[in-house]
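The working numbering puts the first residue of the sequence shown at 8, with every later residue one more than the last.
Even glycine gets a Cβ: it sits at the ideal position worked out from N, Cα and C.
This structure is a prediction, so every number in the text was calculated from the model and none was measured.
Notes follow once the structure below has been shown.
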Amino acid sequence: MSAKYYRLIPGFLLVVVILSLGIYKSGLFAFAAGRVIPNVRVQDVDLQGLSKDEGIQKLADLEKRLQATRVLLKYGDKRWSMTVDGVSLSIDKEAVMANALRVGRQGSLFHRWQERRMSGKYGLEVPLVIIFDQEKLAQKVKELAGEILVEPQNPVLKISSKETVTVVPGSNGIGVDFKRLNNDLTTIFVENKFPEVELSLIDLPPAHSTDFVQSMNINGLLASYSTRFDPSKVNRVYNIKVAAHAFNDFLVPPGEVVSFNQVVGPRSSEAGYKNAPVIVNNELVDGLGGGVCQVSTTLYNSVLLANLEVVERDNHSLPVGYVPVGRDATVVYGAIDFKFRNNTGGYLYLKSFVSGNQLAFKIYGNTADKRNVTIRSWVTKEIGPNVVYEKDPNLYQDEQVVRQKGSKGYAAAAERIVINKGVVEKKEPLPASYYSPVNKIVAVGVMERPVPLVAPAVPAPAVPPQPKPVPGSDAGGTGSDSGGSPEQTNRPGYEQEPGKGITISGSGTTAGETGTATGAVY
């Protein structure tokens with residue numbers, strides 16, 4: 008390398024130092040990190056020298072001013088006015104301040120110097136970042152301009168009195184192009200234009216096309232099942248209606264597993280459920296959602312008759328009165344579920360009905376999958392109740408009171424027989440059931456009876472001589488008090504059983520309807 012080249016190096020370094028000093032003096036490092044450089048603004052808001060938090064506060068004031076703006080919506084000769092606070096206009100203050108703080112601090116050294124020089128000489132404007140709540144915007148526009156909008160109509164499955172199914176075609180609707188409206192509104196506020204927007208309309212297709220619904224091949228009834236209830240149990244009936252409604256007009260794609268709890272949701276007061284009898288620890292007590300298990304049980308039997316696959320099912324701890332033993336399906340949200348799978352290869356369509364004293368489910372599908380199905384269930388074992396004796400200090404030692412009558416428990420089995428064109432296609436066991444016996448509870452007295460006090464003997468008074476009867480008068484006679492033991496009065500609410508002490512008398516009330524099987528109702 009020549010000596011001439013080495014002599015050029017000091018001169019080059021000197022030029023670099025001079026340029027650096029010039030850049031420094033021009034304000035490249037004049038502001039500390041974290042503050043906006045001079046002459047940076049957003050619309051009419053000066054951000055010079057502000058920290059991020061200080062700038063956000065100023066932008067919040069600008070946001071309030073913008074939210075008071077009224078925007079004129081137009082379509083043809085129609086006009087509607089709205090304030091943008093009603094559609095939740097907001098400034099993305101974090102994004103705006105991030106952009107403001109990047110001015111003069113990104114890119115090459117020369118780019119930074121040039122950006123600061125331009126800012127100092129002419130000023131720089133950071134773009135406004137506007138956000139609209141799309142859901143509220145759509146709701147507001149539909150309220151104002153609803154007269155020019157048309158809701159799309161989905162295809163409808165129409166069921167005849169003969170349980171055949173046809174498809175009623177759907178139709179397109181007319182709606183606002185909200186993507187374009189959002190862009191137009193944003194431009195108004197970012198570019199500070201006159202607040203006026205011409206609405207653009209678009210065709211809105213239904214959620215499902217007619218061709219798609221026709222391709223489901225739902226053409227007839229596969230199975231139905233109904234149970235009865237006591238219509239006087241108002242809260243229980245109300246709960247049945249709420250739960251059953253969740254499955255009305257319900258589509259099940261092929262292969263899908265349906266969870267009762269997932270479809271119906273929590274049994275809470277927020278969901279509309281009321282207090283009615285439920286089974287807890289082998290007892291009927293009031294609880295939210297009493298009666299929902301009749302819905303799951305009725306659906307379970309419909310599923311069995313439609314020859315669908317049962318994935319999960321549990322019986323109640325006590326027999327219920329609206330189905331035979333072995334054919335109930337209990338549910339508890341978050342703990343016990345009823346699940347089934349659509350194993351037909353086609354779509355299923357479920358309908359639920361609650362009328363009078365009856366709950367029914369109908370399952371529609373491709374009638375090519377329909378089979379003749381028979382369900383059998385029977386008791387395999389009876390379990391007698393235990394007798395539990397409890398001491399009662401309010402009863403005498405020779406008294407017993409039946410506090411709880413008790414009831415038998417059962418083990419039950421069930422099977423499904425599937426026949427196709429007169430030939431048994433399948434014979435399968437269904438989930439077994441076990442119903443707990445309810446103990447008989449007898450209260451036994453421990454209180455001693457008081458010993459009666461014996462009064463001291465009193466000498467009998469002398470008997471005066473009786474006068475002779477007067478001839479011709481009525482005949483008189485002597486009488487005596489009738490002897491015998493004093494009348495026994497039982498304690499209130501009890502009645503005496505010979506040789507068994509005292510037992511409670513009265514009739515019990517079953518919470519719900521009765522059915523072909525004996526049991527409580529849940």
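Nearest-angstrom Cα separation, counted from residue j out to residue i
i, j, result
"ASP53", "LEU188", "30 Å"
"PRO400", "GLY341", "43 Å"
"THR234", "ASP344", "20 Å"
"GLU263", "GLY372", "14 Å"
"GLU101", "TYR232", "60 Å"
"THR217", "LYS149", "26 Å"
"GLY272", "ALA253", "9 Å"
"LEU325", "VAL338", "13 Å"
"LYS169", "LYS85", "49 Å"
"VAL172", "ARG72", "58 Å"
"VAL78", "GLN146", "16 Å"
"GLN365", "SER167", "21 Å"
"VAL197", "LEU144", "18 Å"
"PRO238", "GLU70", "57 Å"
"GLY363", "ASP92", "49 Å"
"LEU312", "LYS412", "37 Å"
"VAL94", "LEU57", "30 Å"
"LYS200", "ASP68", "19 Å"
"SER266", "TYR442", "24 Å"
"SER33", "PRO202", "For SER33, the predicted model reports a pLDDT of 46, less than 50, meaning its position is unreliable; a value from the coordinates is still stated below. Approximately 41 Å, taken between the alpha carbons."
"GLU154", "TYR82", "11 Å"
"PHE257", "ILE448", "47 Å"
"VAL241", "ASN282", "10 Å"
"TYR31", "GLN141", "At TYR31 the pLDDT is 47, less than 50, meaning the model places this residue with poor confidence; the figure from the coordinates comes in the next sentence. Using only the alpha carbons, I get a separation of about 47 Å."
"ILE156", "GLU205", "A small fix is needed here, since residue 156 is Leu in this sequence, not Ile. The alpha-carbon atoms of LEU156 and GLU205 are separated by roughly 15 Å."
"SER440", "SER276", "31 Å"
"PHE368", "ILE195", "55 Å"
"LYS186", "THR76", "21 Å"
"THR1", "TYR417", "Outside the shown range of the chain, which is 8 to 529, sits residue 1, and nothing can be said about it."
"SER61", "SER303", "Here residue 61 turns out to be Glu, not Ser, going by the sequence shown. Roughly 59 Å between the two C-alpha positions."
Close Cβ partners of residue i (< 7 Å) along its chain, the five nearest in sequence each way excluded
i, result
"ASN255", "LYS358, SER359"
"LEU151", "LEU80, TRP87, MET89"
"ILE209", "GLY182, ASP184"
"VAL103", "VAL49, LEU66, VAL133, LEU135, VAL136"
"GLY391", "LYS415, PRO444"
"ILE63", "LYS100, MET104"
"ASN268", "VAL338, TYR340, ASP344"
"GLU422", "ARG383, LYS434, GLU435, PRO436, LEU437"
"LEU211", "PRO159, ASN179, GLY180, ILE181, GLY182"
Per DSSP, cross-strand counterpart(s) of residue i
i, result
"VAL110", "VAL110 is not bridged to any residue."
"THR234", "LEU366"
"ALA421", "SER384, LEU437"
"ASP293", "PRO284"
"MET454", "TYR403"
"ASP53", "ARG48"
"ILE390", "GLY416"
"LYS398", "VAL451"
"ILE426", "ASN379, VAL431"
"GLY210", "In the sequence under discussion, the amino acid at residue 210 is Asp, which differs from the Gly named in the question. BP columns for ASP210 point to ILE181."
"VAL204", "LEU80"
"GLY227", "THR171, GLY372"
"PHE257", "LEU357"
"TYR442", "TYR417"
"LEU188", "Beta-bridge pairing links LEU188 to no other residue."
Cβ shell of residue i (< 8 Å), same chain only, five flanking positions each side left out
i, result
"PRO213", "PRO159, GLN160, ASN161, PRO162, GLY177, SER178, ASN179, GLY180"
"VAL287", "GLY294"
"PHE236", "ARG243, VAL244, ILE247, GLY298, GLN301, TYR329, ASN364, GLN365, LEU366, GLY519, GLU520, VAL528"
"TYR403", "GLY452, MET454, GLU455, ARG456"
"PRO260", "ASN349, TYR354"
"TYR129", "ASN46"
Beta-carbon contacts of residue i that lie in its chain and below 6 Å, excluding the five residues immediately before and after
i, result
"GLY296", "ASN246, ARG274, TYR280"
"PRO438", "ARG320"
"ILE138", "SER97, ASP99"
"ARG378", "ASN314, VAL425, ASN427"
"VAL317", "PHE347"
"THR193", "ILE137"
"VAL220", "PRO162, VAL174"
Cβ of residue i within 8 Å of any chain C Cβ
i, result
"GLU70", "The structure shown contains no chain C; it holds only a single protein chain."
Whether or not the region 208-228 and the region 341-360 are in contact is what I'm after, with contact meaning three or more pairs of Cβ atoms, one per stretch, closer than 8 Å; do they touch? Under the three-pair Cβ rule at 8 Å, the region 341-360 counts as touching the region 208-228.
Under 8 Å: do the region 325-342 and the region 396-411 share three or more Cβ pairs, one atom per stretch? The region 325-342 vs the region 396-411: no contact.
Segments of 4+ residues assigned as alpha helix (DSSP H) that fall wholly inside the region 133-170: Whole alpha helix (DSSP H) segments, 4+ residues: 141-152.
4-residue-minimum alpha helix (DSSP H) runs that sit fully inside the region 60-97, ordered along the chain: List check, alpha helix (DSSP H) in window: nothing returned.
Measuring CB atoms only, is the region 41-48 touching the region 106-125, in the sense that at least three cross pairs come out at less than 8 Å? Judged by pairs of C-beta atoms under 8 Å, the region 41-48 touches the region 106-125, as three or more such pairs exist.
As an exercise, report each continuous alpha helix (DSSP H) stretch of at least 4 residues that is fully enclosed by the region 328-379, in chain order. Within the region 328-379, complete alpha helix (DSSP H) segments of at least 4 residues are not found at all.
Give a yes or no on contact between the region 420-433 and the region 441-458, applying the rule of three or more CB pairs nearer than 8 Å. Contact between the region 420-433 and the region 441-458 is absent, because fewer than three Cβ pairs lie under 8 Å.
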